[in-house]
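**Student:** Before we start, here is the structure in question, set down as structure tokens.
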Amino acid sequence: MKSLRNKEIVLFFPVLALRDLLIGLEHQLYLQHSLPEQEQEKRQKAKSSHVRKMHENIPAILREELENANIN
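In structure tokens, the structure reads:
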């Protein structure tokens with residue numbers, strides 16, 4: 001992760017906390033798949049809309065910028 005001052009931070013989770021997080025994510029996936037088909041389509045359309053908006057706001061990167069990037 002990067003903080004506001006561009007410093008990198010490594011987070012370590014205890015095994016049990018990480019397991020609980022993954023169980024929670026798995027449960028959310030199960031709930032999404034158990035919704036009625038109409039509700040799933042509605043969520044998919046909303047997701048597509050959000051992804052489209054996100055892509056509109058991502059700045060373009062030129063090849064020259066990548067080749068001449070200052071990595072220090």
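Under the UniProt record's numbering, think of the first position of the sequence shown as 1, with each following residue one higher. We put the CB at the ideal spot given by N, CA and C, even for glycine. Because the structure is a prediction, the values reported are computed rather than measured.
How many whole angstroms separate the CB atoms of R19 and Q32, which I take to be in contact at a CB cut-off of 8 Å?
**Tutor:** Incorrect: roughly 21 Å between the Cβ atoms, too far for contact.
**Student:** Which ranges does the alpha helix (DSSP H) cover as unbroken runs of at least 4 residues, wholly within the region 38 to 68, from first to last along the chain?
**Tutor:** Taking only runs of at least 4 residues, the alpha helix (DSSP H) segments lying wholly in the region 38 to 68 are 63 to 67.
**Student:** Alpha carbon to alpha carbon, what distance is there between S34 and Q28?
**Tutor:** Straight-line Cα distance between these residues: approximately 10 Å.
**Student:** Return the CA-CA distance between E65 and P59, expressed in angstroms with no decimal places.
**Tutor:** If you take the alpha carbons of E65 and P59, they lie about 12 Å apart.
**Student:** Taking the alpha-carbon positions, what's the V10 to V51 distance?
**Tutor:** V10 and V51: Cα-Cα distance of roughly 28 Å.
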